[in-house]
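A.B. asks: By numbering that gives the first Met the number 0, the letter at position 4 of the sequence shown is numbered 3, and the numbering carries on one by one without gaps.
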Amino acid sequence: MQLISKRLRIKDYEDPAASFIIERIEVPATIGHLVFEFNTFQQGYEIDSIMAYDSQYNLRIDIQNVCQGRRIILSIDEIESSSGTRSGILPSGEWILVFKLADPLPKCEWVIEYTIGAKELDQLSLKVL
Numbered sequence: 000m001q002l003i004s005k006r007l008r009i010k011d012y013e014d015p016a017a018s019f020i021i022e023r024i025e026v027p028a029t030i031g032h033l034v035f036e037f038n039t040f041q042q043g044y045e046i047d048s049i050m051a052y053d054s055q056y057n058l059r060i061d062i063q064n065v066c067q068g069r070r071i072i073l074s075i076d077e078i079e080s081s082s083g084t085r086s087g088i089l090p091s092g093e094w095i096l097v098f099k100l101a102d103p104l105p106k107c108e109w110v111i112e113y114t115i116g117a118k119e120l121d122q123l124s125l126k127v128l
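Dropping the structure here:
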């Protein structure tokens with residue numbers, strides 16, 4: 000199931016605040032697996048770091064140097080989760096994503112797309128929890 004698909008654009012690259020982007024997503028109940036995918040369009044559009052906080056304000060993702068085609072998996076299962084993530088139960092509610100863009104920003108419009116998908120817990124996993 001897809002939770003969000005979005006294109007981010009920064010036009011005023013000289014604004015110091017342009018280096019940070021904060022996004023909010025709603026994560027439904029009974030999710031056991033989140034997949035974050037990032038697509039940059041040109042060299043130099045890299046993301047310096049990404050942090051994701053769950054609805055209880057716990058840091059769940061802290062990854063540096065995200066570039067073209069990066070895929071990050073956050074799961075209740077540590078083995079399935081990407082490095083730089085903190086596996087465990089994924090609480091429902093509003094999650095916060097923080098993007099720190101690579102310095103310096105390109106001297107033109109900065110564009111990336113990101114998609115967040117989710118996989119629900121299966122019945123067996125629900126019994127274990």
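Beta carbons: idealized from backbone N, C-alpha and C, even for Gly.
For a test of the three-state rule: what should DSSP assign to Ser91, helix, strand or coil?
C.D. replies: By one-based count along the sequence shown, residue 91 stands at place 92. DSSP places Ser91 in coil when its eight states are reduced to three.
A.B. asks: Secondary structure at Ser54, three-state DSSP: helix, strand or coil?
C.D. replies: Position 55 of the sequence shown, counted from the first residue, corresponds to residue 54. Correct three-state label for Ser54: coil.
A.B. asks: Given a cut-off of 7 Å, decide if Arg6 and Glu112 are closer than it, judged by their beta-carbon atoms.
C.D. replies: Residue numbering aside, residue 112 sits at position 113 when the sequence shown is read from its first letter. Residue numbering aside, residue 6 sits at position 7 when the sequence shown is read from its first letter. Yes, the Cβ-Cβ distance between Glu112 and Arg6 is below 7 Å.
A.B. asks: Measuring straight from C-alpha to C-alpha, what distance separates Thr29 and Leu2?
C.D. replies: For the purposes of this step, residue 29 is taken as residue 30 along the sequence shown, with counting starting at 1. For the purposes of this step, residue 2 is taken as residue 3 along the sequence shown, with counting starting at 1. Each residue's alpha carbon lies about 13 Å from the other.
A.B. asks: Mind reading off the beta-carbon distance from Thr114 to Glu36? Whole number of angstroms is fine, and I expect it under 8 Å.
C.D. replies: Taking the first residue of the sequence shown as 1, we reach residue 114 at position 115. Taking the first residue of the sequence shown as 1, we reach residue 36 at position 37. Right, the Cβ-Cβ distance comes to about 5 Å (below 8 Å), so this counts as a contact.
A.B. asks: How would you write the range of the beta strand (DSSP E) that Leu120 sits in, first residue to last?
C.D. replies: On the sequence shown, position 121 is the one that residue 120 refers to. Note, Leu120: premise wrong, no beta strand (DSSP E); not H, not E.
A.B. asks: Hey, is Glu36 close to the ligand ZN, as in C-beta under 6 Å from one of its heavy atoms?
C.D. replies: Ligands displayed in this structure: none; no statement on the ligand ZN is therefore possible.
A.B. asks: Pick helix, strand or coil for Ile4, following the three-state DSSP scheme.
C.D. replies: Translated into positions along the sequence shown, residue 4 becomes position 5. Before going on, a small fix: residue 4 reads as Ser here, not Ile. Of the three classes helix, strand and coil, the one that applies to Ser4 here is strand, per DSSP.
A.B. asks: Are the beta-carbon atoms belonging to Ile95 and Val65 less than 7 Å from one another?
C.D. replies: The residue given as residue 95 occupies position 96 in the sequence shown. The residue given as residue 65 occupies position 66 in the sequence shown. For Ile95 and Val65, no; Cβs fall outside 7 Å.
A.B. asks: Once the 5 residues before and after Asn38 are set aside, which same chain residues still bring their CB inside 6 Å of it?
C.D. replies: As a first step, residue 38 is located in the sequence shown; it is residue number 39 there, counting from the start. Excluding residues within five positions, the ones whose Cβ falls inside 6 Å are Glu112.
A.B. asks: Cα separation between Ser74 and Ile49?
C.D. replies: Translated into positions along the sequence shown, residue 74 becomes position 75. Translated into positions along the sequence shown, residue 49 becomes position 50. Ser74 and Ile49: Cα-Cα distance of roughly 17 Å.
A.B. asks: Comparing C-alpha positions only, which one of Ser4, Ser18, Phe19 and Pro27 sits nearest to Leu89?
C.D. replies: Translated into positions along the sequence shown, residue 89 becomes position 90. For Leu89, the nearest C-alpha among the options comes from Pro27.
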